[in-house]
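Q:
Protein chains in written order, with the working numbering: chain A, 1 to 341; chain B, 1 to 341; chain C, 1 to 341; chain D, 1 to 341.
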């Protein structure tokens, strides 16, 4: 049955396989000291117009969030996130596992609002009990968010301004970064993002690679002995060559953006289709995920023909359901979906 | 200047000093294997009518919450608490430091409501992403709460029922337990509490002792090698004899309740006094803490004559302020306070 | 330059690539619920003659050691290992990161000796200060060891007997398991191993896969909510399908053993070659790693023609150097090496 | 029965009780902001001739070691200690609990030798696998050691020199500091110690107080937000006034040294007595602990008349036993002991 459950149902982009086959028997040093990794880093540095960027390739999203946040935070600090943030909800407590609290603030359309963050930090420092509380040591946001929504450049800059006023870094989880940047409603490039935030990652697990997230420290601010901290989290891949190779391929001839664009087009067609039929969408998502509100009956009927994910309760009678596209989504499958709703 | 800032401004009850002097040069084994500790445990077991209770004396509240919660939870579990709970707000992330998330639910008058907890756990187990989330492994409440309010026996039983339906323990933070139990609005004895919950502690730091919290596992459910886990948290006192001696004294001839009663009487007089003068109280507190809403001007004026604590912002113009009494509060000081408000 | 530095310098076995290409666009559920994973598990269960085996595929060795040890140990326990054990030396403190001490015992030829372990545990429980110490909660060994040596079946059984006497599990790190089992000096099958120990893993990162370690709980003893604990360690792969596919391929038609055999043959030729020329070997290794003692001059000269790893200081004048073969080692490269030593 | 089991069998010095009684009802701020604490800090600063010393009073030794080491170390670092060090053996893994490895080096008479430490660190940085290992981030020693032995000033300076060459701090566990400094074989003052090391603590639990360890950062090097980190470890005492009062008393008119001197005199008499009778002592201890080698028969006989501690196995037939004196040891009890051996 055709699946719109998530954006990691298929393998990897054929161009990656191609290069994999070509380079397979080439001997390379382990742990990211290989030639593909070096090349990939250089391409990313050019793409983001940040010649000093410090880049590390990790395997998965939760691993990346855990490793980066733990390496950046001081021991007495926590990380601010939207209450809908991935680290706050769906990472099985991976952040707390490393000793750090996730300090949540109510979301607005899946996003943190700069003025809310400012108020939170101000109140923290005004509190007489400050020293009995967890210091805010970082702000975490997702671009796009867990609900497919996007920060405008101005919104993200405002967050960065608050962060820098309090001398804490802004970290952008880019597990679906490509799907955000190519959206018609995006007003940022990857280079803009790199300038605004202090650390971010370029997700590839969900965008054409088999796995892989490229962590980028943009302000010459990589934590000391970061490689050892990666190892300490069990996150150092022996055959790092493959991470390098995948990112090198994705950042050749704009492949990363090209395949992102396809997914967003497919998603926007799905969005339009549901809206035309009168379905309610949970939020306005200009990226690759759509959250559709349906009754149990509607959902059950549709579930006989295609796969999609149950998301969360909407009200006593309805739930929201997630439909996701990706680089590999077939146009004919989208047509089919639209024909049956 | 007279202080109503907290309930740990004075030393310890004179009867404790007396016994301290008497027994000072007696040689006793360390680490809680002394004769005073044994005697104190026995008295507490009788008081709570639980002959099998497993009791350990620790030094402070945060230490006790951290040690108990960490020892009880499985590694994949977090602890449910009210969003106003001490462990959620004022313990500098001590719970997260041990790798566990505090799962917060909005409070009602400082309390967790059983139906809210039930809904939270139900939704957790209905979620398709359950395995990507932190399992609820315990419910934490304070009696009295951080706002001085009290659970009725029925409310606490309802919480225990939810816990036991899902086979997780109910833990009661009794840092101010005495001040709760002696309140005229309390409908529980310590023995009732011991029957209802799975583990609780009897606070003495704030009730007559120099320090000390008596952890009580009531269902033959003390975690394995609990003493080693106490040591591992840096919480094992070499001269445990003093902890034993203090609790032995407090549980002789009802001293713990007697001195609690005095504090609550003083607090209720303060409450009545403020109400008479038309001040607004944040919540109805029948115990030893009162939270008074005042304008900046009112507060500043009063602060010239007595000490009290700034609590939290009430609205754009007003804050709430905390006035606390304890076993050592002098009646004349209360009279003085009431004369100047 | 030809490299004998390690056994992860090349990509993956061609048969894996083949299946990768074939199945690439097939939609599969994430997180290990795919059909390849199911098939691979079934093949392993048959191979080890353990129909109830609980199997999980993880990405790397340190990650696997960290996740398994942390999930199995109680909070007050540590893990016993040889002082040369990988977890004791070369994992950047990944075990301690999760709160657990590595309790080391001096190695004999890279191995733990059952009688030493027994004495260690006996003395622990005889100690009056037992409760102030870290409880031994598991025994960790590597097969083959970090020095390429092998436990006989009897030696491993003796270790298991000690473990079971004290009711703690025996965990076998099989990062290079294949290279051990196919050795002419091995007297165990994988099924024997599964019977003797409580949990082990089948390493594939170094044996034909791009990455991958198959954790096997053999006594119906998988820790509760193990998947969530995997997630909490950042170790849950979104596209788990690829792990499944790799193991499914390796366990079809004995590929795992076949490619292991090749590596060991190559290594034994290297061993014989060095010995013939009068070089001293650090230990007698019947598997795929050889540790050759050389003077600085000898090493420098050889390093101009082939790559190998500096291992550790042997004495004031000499160091030991590591030469490793793997499934991908070319016979002609071994010939070349032997021609220049 | 008279006990020589440890140095924490009695209560506290009478002068402390006296001041406790005097000041009991005085209202003071909590958490170490009281007037006694301020006064005690000032006296210690004068005693150690270090006007900028940053001082914090904690409750117990393991708690202090855990809090200081965790607050000082970077996340990728471990702490070097003698294999007989208290943190390596008898703290139930409290250091590992915070995520840090204890890196052990074989002791010489209970001490770390500077050249051994230097060699260890040198080899670490020469290792090609450095980034896969735990960075040495601190050196921990005890003065006196766990075996009652003492570092000479030159030995300690040599250790500090190694530390400073590698830019890591030297931390001195002074749980029994007074008993070391007053020894006839000591060639250091507390001011010397403060100059040489980077952080140390002045133990009082075992020297006249009911509990208490004064942590002293001597180089303006207190970790940021140390108070919050103390709270996070559950180590912040509400009634910190009592810690202040005890240290204030001990550092008035040289009481700390005076009572230390008594204990060491008593211990040296015991030492001489055992030696006269031909007993073997495990090490030469010029402080307050003596380790006597006895046969089972000898020990059993003596144990009928006085209490002492079983220490560790000496050989197949003999064990060593510990006899400890303290500020409270009665001369007549020592006479009695010497009369029965």
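Note that the Cβ used here is the ideal one computed from N, Cα and C, for glycine as well.
Everything numeric in this text was worked out from a predicted model, so none of it was measured.
Which value, in whole angstroms, describes the spacing of the CA atoms of residue 111/A and residue 187/A?
A: Walking along the first chain from the start, residue 111/A turns up at place 111. Walking along the first chain from the start, residue 187/A turns up at place 187. Near 16 angstroms, if we compare the C-alpha coordinates of residue 187/A and residue 111/A.
Q: Is it the case that the segment 5 to 14 of chain B contacts the segment 325 to 338 of chain B, given that we only count it when at least three CB pairs across the two stretches are under 8 angstroms?
A: They touch, by the three-pair rule.
Q: From 292/B, 56/B, 272/B and 36/B, pick the residue whose C-alpha is nearest to that of residue 213/B; which is it?
A: Numbered from 1 along the second chain, position 213 holds the residue referred to as residue 213/B. That would be 56/B, whose Cα lies nearest to the Cα of residue 213/B.
Q: So who's on the other strand from residue 319/D, going by DSSP bridges?
A: Here residue 319/D is taken as the residue at index 319 of the fourth chain, counted from 1. Answer is 294/D and 313/D.
Q: What in chain B is Cβ-close to residue 231/D, meaning under 8 angstroms?
A: Your numbering for residue 231/D matches position 231 in the fourth chain. Those within 8 angstroms of residue 231/D in chain B are 62, 91, 92 and 94.
Q: Using a beta-carbon distance cut-off of less than 8 angstroms, what residues from the segment 63 to 77 of chain D approach chain A?
A: Of all residues in the segment 63 to 77 of chain D, 70, 71, 74, 75 and 76 have a Cβ within less than 8 angstroms of some Cβ in chain A.
Q: Report yes if the C-beta distance between residue 216/A and residue 194/A is below 9 angstroms; otherwise report no.
A: Residue numbering aside, residue 216/A sits at position 216 when the first chain is read from its first letter. Residue numbering aside, residue 194/A sits at position 194 when the first chain is read from its first letter. The answer is yes: Cβ separation under 9 angstroms.
Q: List, from N- to C-terminal side, the beta strand (DSSP E) runs of 3 residues or more that fit wholly inside the segment 177 to 243 of chain C.
A: Taking only runs of at least 3 residues, the beta strand (DSSP E) segments lying wholly in the segment 177 to 243 of chain C are 199 to 203 and 213 to 217.
Q: Under 9 angstroms, Cβ to Cβ, is there at least one residue of chain A near residue 239/D?
A: On the fourth chain, residue 239/D is found 239 positions in, with the first residue counted as 1. Residue 239/D does not count as touching chain A.
Q: Could one say the Cβ of residue 131/B lies closer than 9 angstroms to chain C's Cβ atoms, at least one of them?
A: Counted from its first residue, the second chain places residue 131/B at position 131. Output row for residue 131/B: interface = yes.
Q: Listed in chain order, which residues of the segment 204 to 227 of chain C have Cβ atoms closer than 8 angstroms to some Cβ of chain B?
A: Answer in chain order: 224, 225 and 227.
Q: Can you give me the C-alpha to C-alpha distance between residue 199/B and residue 310/A, rounded to a whole angstrom?
A: The residue you call residue 199/B lines up with position 199 of the second chain. The residue you call residue 310/A lines up with position 310 of the first chain. Using only the alpha carbons, I get a separation of about 37 angstroms.
Q: Taking only runs that begin and end inside the segment 87 to 173 of chain C, name each unbroken beta strand (DSSP E) of 3 or more residues, in chain order.
A: Those beta strand (DSSP E) runs which fall completely within the segment 87 to 173 of chain C and span 3+ residues are 102 to 105, 135 to 142 and 170 to 173.
Q: Measure from the C-beta of residue 26/D to each C-beta in chain B and report whether the shortest distance is under 9 angstroms.
A: Mapped onto the fourth chain, residue 26/D falls at position 26. Chain B, which has a Cβ nearer than 9 angstroms to the Cβ of residue 26/D, makes this yes.
Q: Could you name the residues of chain C that residue 135/B contacts, counting a contact when the two beta carbons are closer than 8 angstroms?
A: The sequence position of residue 135/B within the second chain is 135, counting from 1. Simply 225 and 228.
Q: Please state whether DSSP places residue 289/D in a helix, a strand or coil.
A: As a first step, residue 289/D must be located in the fourth chain, where it is residue number 289. DSSP places residue 289/D in strand when its eight states are reduced to three.
Q: Between the segment 287 to 311 of chain A and chain B, which residues of the former have a C-beta closer than 8 angstroms to a C-beta of the latter?
A: Correct list: 309 and 310.
Q: Using CA atoms only, rank isn't needed, just tell me which of 262/D, 236/D and 94/D is closest to residue 59/B.
A: Taking the second chain and counting its residues from 1, the one referred to as residue 59/B is at position 59. Here the closest residue by C-alpha is 236/D.
Q: Would you mind listing the beta strand (DSSP E) stretches within the segment 65 to 89 of chain B that are 3+ residues and don't spill past its ends, in chain order?
A: Runs of the beta strand (DSSP E) inside the segment 65 to 89 of chain B: 77 to 82.
Q: Please check the pair residue 241/C and residue 38/C, which I expect to be a contact at CB under 8 angstroms, by giving their CB distance rounded to whole angstroms.
A: Here residue 241/C corresponds to residue number 241 of the third chain, with the count starting at 1. Here residue 38/C corresponds to residue number 38 of the third chain, with the count starting at 1. With 8 angstroms as the limit, residue 241/C and residue 38/C do not qualify as a contact, their Cβ atoms being about 10 angstroms apart.
Q: Residue 90/C and residue 70/C: beta carbons closer than 9 angstroms?
A: Position 90 of the third chain, counted from the first residue, corresponds to residue 90/C. Position 70 of the third chain, counted from the first residue, corresponds to residue 70/C. It is not a contact, given that the beta carbons lie outside the stated cut-off.
Q: Among residues of its own chain, excluding the 5 on either side of residue 278/A, which ones have a beta-carbon nearer than 7 angstroms to its beta-carbon?
A: Within the first chain, residue 278/A is the residue found at index 278, counting from 1. The answer is none, since no qualifying residue turns up.
Q: Could you tell me the boundaries of the beta strand (DSSP E) in which residue 58/B lies?
A: As a position in the second chain, residue 58/B is number 58, starting the count at 1. Residue 58/B -> beta strand (DSSP E) spans 54 to 58.
Q: What would DSSP say about residue 307/A, mapped onto helix, strand or coil?
A: Translated into positions along the first chain, residue 307/A becomes position 307. Note: residue 307/A maps to strand in three-state DSSP.
Q: Excluding the 5 residues flanking residue 182/B on each side, which residues of the same chain have their C-beta closer than 7 angstroms to its C-beta?
A: In the second chain, the residue the question calls residue 182/B occupies position 182. Around residue 182/B: 257, 260, 261 and 264.
Q: Just curious, the alpha helix (DSSP H) that residue 14/C is in, first and last residue?
A: Numbered from 1 along the third chain, position 14 holds the residue referred to as residue 14/C. From DSSP, the alpha helix (DSSP H) with residue 14/C extends over 14 to 23.
Q: Nearest-angstrom Cα distance between residue 136/B and residue 103/B?
A: Indexing the second chain from 1 puts residue 136/B at position 136. Indexing the second chain from 1 puts residue 103/B at position 103. Answer to the nearest angstrom: the Cα atoms are 8 angstroms apart.
Q: Look up residue 359/D in the DSSP assignment and give the residues it is bridged to.
A: Beyond the ends of chain D as shown, which are 1 and 341, falls residue 359/D; an answer cannot be given.
Q: What's the gap between the Cα of residue 247/D and the Cα of residue 204/D?
A: Residue numbering aside, residue 247/D sits at position 247 when the fourth chain is read from its first letter. Residue numbering aside, residue 204/D sits at position 204 when the fourth chain is read from its first letter. Roughly 8 angstroms separates the two Cα atoms.
Q: Taking only beta-carbon atoms, is residue 149/B less than 9 angstroms away from chain F?
A: Reference to chain F is not applicable here, since the protein chains of this structure are A, B, C and D.
Q: Using beta carbons (cut-off 9 angstroms, strictly below), is residue 267/D in contact with chain B?
A: Here residue 267/D refers to the residue found at position 267 when the fourth chain is read from its first residue. Not an interface residue.
Q: According to DSSP, is residue 27/D part of a helix, a strand, or is it coil?
A: Walking along the fourth chain from the start, residue 27/D turns up at place 27. Three-state DSSP puts residue 27/D in coil, outside helix and strand.
Q: Between residue 238/A and the rest of its own chain, which residues show a CB-CB distance below 7 angstroms, the 5 nearest in sequence each way excluded?
A: Along the first chain, read from residue 1 onward, the residue named residue 238/A stands at position 238. 30 and 31, listed in sequence order.
Q: Just to confirm the assignment, what range does the alpha helix (DSSP H) spanning residue 279/C have?
A: As a first step, residue 279/C must be located in the third chain, where it is residue number 279. Taken as a continuous stretch (DSSP letters only), residue 279/C belongs to no alpha helix (DSSP H), as it is neither H nor E.
Q: Output, in chain order, the set of chain C residues within a Cβ distance shorter than 9 angstroms of residue 109/A.
A: Locating residue 109/A in the first chain gives position 109, where the first residue counts as 1. Simply none; closest approach about 25 angstroms.
Q: Does the segment 217 to 229 of chain D come into contact with the segment 47 to 54 of chain D, if we say contact requires no fewer than three beta-carbon pairs (one atom in each stretch) closer than 8 angstroms?
A: Yes, since at least three Cβ pairs between the segment 217 to 229 of chain D and the segment 47 to 54 of chain D fall closer than 8 angstroms, the two stretches touch.
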